[in-house]
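There are 2 protein chains.
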Amino acid sequence: MYCLTITTDKWSDRKYRSWRRLLEDLEIGYLDTELLPLLVLVNRDVDLYTTSSCSGRVVVMDSEYPWEREETGIVFKTHNPIKPSDLEFIYSKPVYKRLWIVVSGPIIHIYSRSFKLASTILNTARRVGFKHSGVMHYSKNTGLFIELVTGIYIAQLARTRDEVIIEQTKIAKLVDVVNNTLLEGKKRLEALYVELSKILPRKKDPLIEGDLKTRGFQAIINPRSYSRLINNS
Amino acid sequence: MYCLTITTDKWSDRKYRSWRRLLEDLEIGYLDTELLPLLVLVNRDVDLYTTSSCSGRVVVMDSEYPWEREETGIVFKTHNPIKPSDLEFIYSKPVYKRLWIVVSGPIIHIYSRSFKLASTILNTARRVGFKHSGVMHYSKNTGLFIELVTGIYIAQLARTRDEVIIEQTKIAKLVDVVNNTLLEGKKRLEALYVELSKILPRKKDPLIEGDLKTRGFQAIINPRSYSRLINNS
């Protein structure tokens with residue numbers, strides 16, 4: 004038999020620090036706003052909070068391999084669809100290692116102090132296409148750290164130091180595929196929001212509810228606002 | 004407080020069914036043999052067993068997107084390095100949807116009936132480059148289902164129905180990158196074996212030990228055999 008007791012006070016402290024950071028990021032325009040309704044929804048539950056997440060993105064990296072994580076390798080980044088002209092720089096700038104066009108779907112990070120709720124969220128997420136979701140870490144201090152992630156991913160070698168792999172004339176076609184890939188991610192993000200809004204918040208967090216009222220977040224609490232937010236972006 | 008009791012009898016039944024399937028797959032040549040030492044190592048622990056795993060592979064898929072899972076879309080598959088001539092067919096065969104060259108690193112699936120051991124394995128795996136490892140599922144019946152996975156992944160659009168995205172003249176250069184990617188996965192697989200062999204088997208499974216003796220698996224139990232196996236492949 005295995006028992007896990009989450010130290011409630013410390014966990015809650017961590018939650019409110021994380022929540023305040025989210026609000027700060029929102030104020031300075033640093034937050035990926037397509038995520039906002041989902042992040043608010045999750046944080047409204049007293050047993051959950053979110054950390055750094057992403058609604059899906061297109062990145063051009065100058066690195067040996069596309070899975071390297073040094074931010075210094077990123078030479079272009081956006082969460083929105085691109086135009087072929089956005090990638091013109093690939094053919095004019097010098098290449099240090101290799102240029103990769105990388106498209107990835109949404110990634111949502113959630114801490115849960117409830118095993119049952121974490122399991123419900125994982126099953127829901129998998130059902131709407133977040134098929135690689137799982138518990139990345141668990142401990143008495145932090146609870147369960149879960150990552151909701153799809154298999155949506157393309158990593159395309161465009162240039163090496165001495166050779167062009169994808170000719171500039173092919174970029175328009177590739178950009179179609181890149182944008183549709185990004186869109187597929189956004190669709191699953193919306194489906195995740197819709198499904199999670201049926202079960203969350205299971206037990207409201209009074210501190211978060213207070214904050215939402217004070218700050219006039221009513222529009223974001225309304226589930227219908229989500230697809231509007233996405234379609235307007 | 005959350006407690007999880009694994010129903011030991013059912014869990015063990017499932018383990019031995021899975022172990023016998025592994026032995027059958029090995030006999031009929033269906034098993035990815037580069038995985039064998041690692042799979043044996045994990046199964047020797049009484050609290051663990053493995054299910055379908057992969058040492059890393061190169062696949063060509065004819066599908067809308069590279070993350071689609073229908074096996075029907077796979078037109079080429081190997082666990083070994085490739086030659087440029089292996090991909091010549093890309094330019095001669097008709098394309099139904101899109102042709103993607105996909106390289107993925109190793110994926111290991113393990114059931115654990117111990118929370119503590121699962122956590123130790125996850126931390127060890129992450130340390131040797133299986134950075135996306137996590138618990139995919141947990142329940143009283145099955146225990147914890149963990150997936151050890153790296154971020155090693157390339158998905159390259161080669162052709163659409165009406166356009167060649169990567170010209171045939173670029174294939175030799177691309178194949179270099181493909182093979183190095185595959186190799187990077189095999190290196191991490193070996194590192195995983197080396198590190199896990201320091202902690203496993205924590206408590207030997209007498210049924211598996213008996214089987215190994217009967218079948219003359221001594222070479223595979225010896226940790227030194229692993230890099231030899233890989234280098235000879």
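Just so you know, the sequences run in chain order A and B. Read in order, the letters of the first sequence correspond to residues 4 to 236 in the numbering used here. Read in order, the letters of the second sequence correspond to residues 4 to 236 in the numbering used here. C-beta: ideal position from N, C-alpha, C; glycine also.
Contact of Phe-118(A) with chain B is assigned, a C-beta pair being separated by under 9 Å. Counting only Cβ-Cβ distances below 8 Å, Ala-158(B) has contacts in chain A at Tyr-156, Ile-157, Ala-158, Gln-159, in chain order. Here Arg-60(A) has Lys-80, Thr-81, His-82, Ser-107 as same chain residues with Cβ atoms under 7 Å from its own Cβ, once five neighbours each way along the sequence are excluded. Flagged as an interface residue toward chain A: Met-139(B), by a C-beta distance shorter than 9 Å.
The C-beta distance from Tyr-141(B) to Ser-142(A) rounds to 15 Å, too long to fall under 8 Å, and the pair is not in contact. Close to Trp-14(A), with beta-carbon spacing below 8 Å, lies no residue of chain B; the smallest spacing is near 13 Å. Cβ-Cβ separation between Arg-164(B) and Ile-93(B): approximately 13 Å, too far for a contact (criterion under 8 Å).
Excluding residues up to 5 positions away in sequence, Leu-151, Val-152, Thr-153, Arg-191, Leu-195 lie with their Cβ nearer than 7 Å to the Cβ of Phe-133(B) in the same chain. Here Arg-23(B) is actually not in contact with Ile-211(B); their C-beta atoms are around 11 Å apart, not less than 8 Å. Not flagged as an interface residue toward chain A: Ile-93(B), since no C-beta distance is shorter than 9 Å. Ranked by Cα distance from Ile-113(A), the first of Val-180(A), Gln-171(A), Met-139(A) is Met-139(A). In summary, the residues of the region 173-200 of chain A whose CB is separated from some CB of chain B by less than 8 Å are Lys-173, Lys-176, Leu-177, Val-180, Thr-184, Glu-187, in the order they occur in the chain.
Under the Cβ distance rule, Ile-202(A) does not count among the residues neighbouring chain B, no pair being separated by less than 9 Å.
The beta-carbon of Tyr-68(A) is placed less than 9 Å from the nearest beta-carbon of chain B.
A Cβ-Cβ distance of about 6 Å is found for the pair Val-62(A) and Ile-77(A), placing them in contact under the 8 Å criterion. A buried status is given to Ser-136(B), since no fewer than 16 other beta-carbon atoms sit within 10 Å of its beta-carbon. For Phe-92(A), the secondary structure class from DSSP, reduced to helix, strand or coil, is helix.
Annotation: Cβ neighbours of Glu-166(B) in chain A (cutoff 8 Å, chain order): Lys-173, Lys-176.
DSSP places Lys-201(B) in the coil class of the three-state scheme, outside both helix and strand. Residue pairing from DSSP places Met-64(B) in a beta bridge opposite Ile-77(B), Trp-103(B). In this structure, Pro-87(A) keeps its C-beta atom at 9 Å or more from the C-beta atom of Ile-168(A).
By the CB criterion at 9 Å, Ser-115(B) and Leu-51(B) fall inside the cutoff. Taking a Cβ-Cβ threshold of 7 Å, the residues of chain A close to Thr-163(B) are Lys-176, in chain order.
No Cβ of chain B is located within less than 9 Å of the beta carbon of Arg-23(A). In the DSSP annotation of this structure, Arg-72(A) is not part of any beta strand (DSSP E), being labelled neither H nor E. Bounds of any alpha helix (DSSP H) do not take in Tyr-33(A), whose DSSP letter is neither H nor E. Put simply, the CB of Ser-55(A) is far from chain B, with every gap to its CB atoms at 9 Å or more.
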